[in-house]
Amino acid sequence: MDEFTKAGQYVQVQTPNTDPSDPKVSYLAMSCPPDSSSLNFMVKKSDSTSFLFEGGDVKELKVSQPLGNGFGIGENVDGYKFDFPVSHILLLCTGTGIAPIKSLLTSSELSLGKNGRTATMYWGLSNDKYCDKIIKELENDSLNVIPVFSNPMKNERQGYVQNALEEDGIKVPRNTAVFVVGQKGMAEAVKRICEEEGVYGERILSNF
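The sequence shown maps to residues 922 to 1129 in my numbering.
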């Protein structure tokens, strides 16, 4: 799909059989890289997406073209606008918010491993029921994944991603970029923590 050019883009999906004058819609970020031959999503069950889980007879589904500008990496991350190009990347997301992060990680946009660039991802979840497969798929020598659970089932890290970040600190904030996907409160807390640590504000990026 030609319109899907950047990780972090999303589509609008209209729930079938709703009032056309007041339709229910969902915004779903792609979880695949932009050069994929098909679009993949990670969907959380809700009032507007339950039809995807119930196996009903949906004959037609209205889906918009890819929307948004993605994360917008550019000069702020790869150039010399601030000191030196970024050497370490922090990624923070919760639940299905990993979808645009997965799109970013499986694309070539971050250039992980090039010139020693590494990344750490904090992924907030209620439990570890579904995460192991995705973590194994993504984690490599350049990417360390730290799951953080609100209701841990084993001896796992508990709490919120922003608290985990604050506890761990940021080793070289001047040369760090941050990508955050989550609810407003979480995103604002991450931005505050990063700026207080010394990360440049224009290197704290979101897909919305």
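Ideal Cβ placement from N, Cα and C applies to all residues, glycine included.
By a C-beta neighbour count over all protein chains shown, 10 Å radius and 16 as the cutoff for buried, is Met1042 buried or exposed?
-> On the sequence shown, position 121 is the one that residue 1042 refers to. The residue is buried, with at least 16 neighbouring Cβ atoms inside 10 Å.
How many Å lie between Ile1010 and Asn938 at the Cα?
-> On the sequence shown, residue 1010 is found 89 positions in, with the first residue counted as 1. On the sequence shown, residue 938 is found 17 positions in, with the first residue counted as 1. Their backbone Cα atoms lie some 43 angstroms apart in a straight line.
Ile1055 versus Thr1015: straight-line alpha-carbon distance, rounded = As a working mapping, residue 1055 is identified with position 134 in the sequence shown. As a working mapping, residue 1015 is identified with position 94 in the sequence shown. Each residue's Cα considered, the two are about 13 angstroms apart.
Considering only the beta carbon of each residue, do Pro1021 and Val932 sit closer than 7 angstroms?
-> Numbered from 1 along the sequence shown, position 100 holds the residue referred to as residue 1021. Numbered from 1 along the sequence shown, position 11 holds the residue referred to as residue 932. Not in contact: Pro1021 and Val932 (Cβ atoms no closer than 7 angstroms).
Can you list, in chain order, the residues of its chain whose CB lies under 6 angstroms from that of Glu1123, leaving out five sequence neighbours each side?
-> Here the question's residue 1123 lines up with position 202 in the sequence shown. Closer than 6 angstroms at Cβ, skipping near neighbours: Asn997.
Exposed or buried, Ser952, counting other C-beta atoms within 10 Å across all chains shown (16 or more means buried)?
-> In the sequence shown, residue 952 corresponds to position 31, counting from 1. With 16 or more other Cβ atoms within 10 Å, it is buried.
Under three-state DSSP, which class holds Thr926?
-> Residue 926 sits at position 5 when you count from the first residue of the sequence shown. Residue state for Thr926 is assigned as coil, using DSSP reduced to three classes.
Count the other CB atoms, across all protein chains shown, that sit within 10 Å of the CB of Phe925; report buried if there are 16 or more and exposed otherwise.
-> Locating residue 925 in the sequence shown gives position 4, counting from the first residue. In this structure Phe925 is buried. Its beta-carbon is surrounded by 16 or more other beta-carbon atoms within 10 angstroms.
May I have the straight-line CA-CA distance separating Cys955 from Val1066, to the nearest angstrom?
-> In the sequence shown, the residue the question calls residue 955 occupies position 34. In the sequence shown, the residue the question calls residue 1066 occupies position 145. Per the sequence shown, residue 955 should be read as Pro rather than Cys. Straight-line spacing of the CA atoms in Pro955 and Val1066 works out to 22 angstroms.
Which same chain residues, not among the five before or five after Asn1096, have their C-beta less than 7 angstroms away from its C-beta?
-> In the sequence shown, the residue the question calls residue 1096 occupies position 175. Contacts found: Asp1004, Phe1005, Val1007, Ser1008, His1009.
Inter-residue Cα distance where the pair is Glu1109 and Asn1084 = For this step, residue 1109 is matched to residue 188 along the sequence shown. For this step, residue 1084 is matched to residue 163 along the sequence shown. Rounded to whole angstroms, Glu1109 to Asn1084 spans 12 angstroms at the Cα level.
Got a sec, what are the start and stop residues for the beta strand (DSSP E) Val1111 sits in?
-> Within the sequence shown, numbered from 1, the residue matching residue 1111 stands at position 190. Not the beta strand (DSSP E): Val1111 falls in the alpha helix (DSSP H), residues 1105-1118.
With a Cβ-Cβ cutoff of 7 angstroms, do Leu973 and Val984 count as a contact?
-> Here residue 973 refers to the residue found at position 52 when the sequence shown is read from its first residue. Here residue 984 refers to the residue found at position 63 when the sequence shown is read from its first residue. In this structure, Val984 does not lie closer than 7 angstroms to Leu973 by Cβ.
May I ask you to report which of helix, strand or coil DSSP gives Phe1005?
-> Within the sequence shown, numbered from 1, the residue matching residue 1005 stands at position 84. Of the three classes helix, strand and coil, the one that applies to Phe1005 here is coil, per DSSP.
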